[in-house]
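S.K.:
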Amino acid sequence: MTEDEARKALIARAAQLDEEDRSNSDARDPVTLQQDSVGRLSRMDAMQQQAMAQATERRRQAERSRIKAALARLDEGEWGYCGTCGEDIAPKRLEHDPSVGTCVKCASGAS
């Protein structure tokens, strides 16, 4: 994967995350109990769905941070190198996820 391809993939993924945020924003809203609604979810079910939506939002934010860091590494000419040991990150690893900042060895904690 070239740096240009990585940049395009990272920007496209960031846009996709933004779209997912917009389409799921109501799922994170406070839970209200509608007494008159027939077939409504129980309050516990609604709270569980809200918690899952909030957890999904936190994962999106973490991914967005990784994308931002990868774009910064691209700008600095450091993309493709492990942030821990400085070695090259395997091309297949970068193809799978261009936002990774460490090689497999450092990511697994092996020394």
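Going by this note's numbering, the sequence shown opens with residue 3, and the numbers climb by one from there. Ideal placement from N, C-alpha and C gives every residue a C-beta, glycine not left out.
(1) If you follow the alpha helix (DSSP H) that M54 is part of, which residue opens it and which one closes it?
(2) How would you label G111, buried or exposed, when you count the other beta carbons within 10 angstroms and need 16 or more for buried?
(3) Taking 7 Å as the cut-off, decide whether the C-beta atoms of I126 and G82 are in contact.
(4) In terms of alpha-carbon separation, which member of L96, K70, K107 lies closest to E7?
(5) Which whole-angstrom value is the C-beta distance of A12 and P100, which I expect to be below 8 Å?
(6) Could you have a look at R15 and say whether DSSP puts it in helix, strand or coil?
(7) Our contact map puts E5 next to L76 with C-beta atoms below 8 Å; I'd like the distance itself, whole angstroms only.
(8) Quick one: is A72 near chain D, going by C-beta distance under 7 Å?
(9) Determine the DSSP secondary structure at D90, reduced to helix, strand or coil.
(10) On the CB-based measure, 16 or more other CB atoms within 10 Å of its CB, does A74 come out buried or exposed?
(11) Measuring alpha carbon to alpha carbon, tell me which of E78, C105, H98 ends up nearest E89.
M.R.: Judging by the given coordinates:
(1) Taking the first residue of the sequence shown as 1, we reach residue 54 at position 52. Looking at the DSSP string, the run of the alpha helix (DSSP H) that includes M54 is 45-78.
(2) Translated into the one-based positions of the sequence shown, residue 111 becomes position 109. By the 10 Å Cβ count, G111 comes out exposed.
(3) The first residue shown for the chain is 3 and the last is 113, placing residue 126 beyond what the model contains.
(4) Position 5 of the sequence shown, counted from the first residue, corresponds to residue 7. Checking every option, the nearest Cα to that of E7 belongs to L96.
(5) One-based indexing of the sequence shown puts residue 12 at position 10. One-based indexing of the sequence shown puts residue 100 at position 98. Residue identity differs from the one stated: residue 12 is Leu in this sequence, not Ala. Contact holds; Cβ gap of about 6 Å.
(6) For the purposes of this step, residue 15 is taken as residue 13 along the sequence shown, with counting starting at 1. Three-state result, R15: helix.
(7) On the sequence shown, position 3 is the one that residue 5 refers to. On the sequence shown, position 74 is the one that residue 76 refers to. The pair is a contact, with the Cβ atoms about 6 Å apart (cut-off 8 Å).
(8) Given the protein chain composition of this structure (a single chain), no chain D is represented.
(9) Counted from its first residue, the sequence shown places residue 90 at position 88. Reduced to three states, the DSSP call for D90 is strand.
(10) In the sequence shown, the residue the question calls residue 74 occupies position 72. By the 10 Å Cβ count, A74 comes out exposed.
(11) Numbered from 1 along the sequence shown, position 87 holds the residue referred to as residue 89. Closest by alpha carbon: C105.
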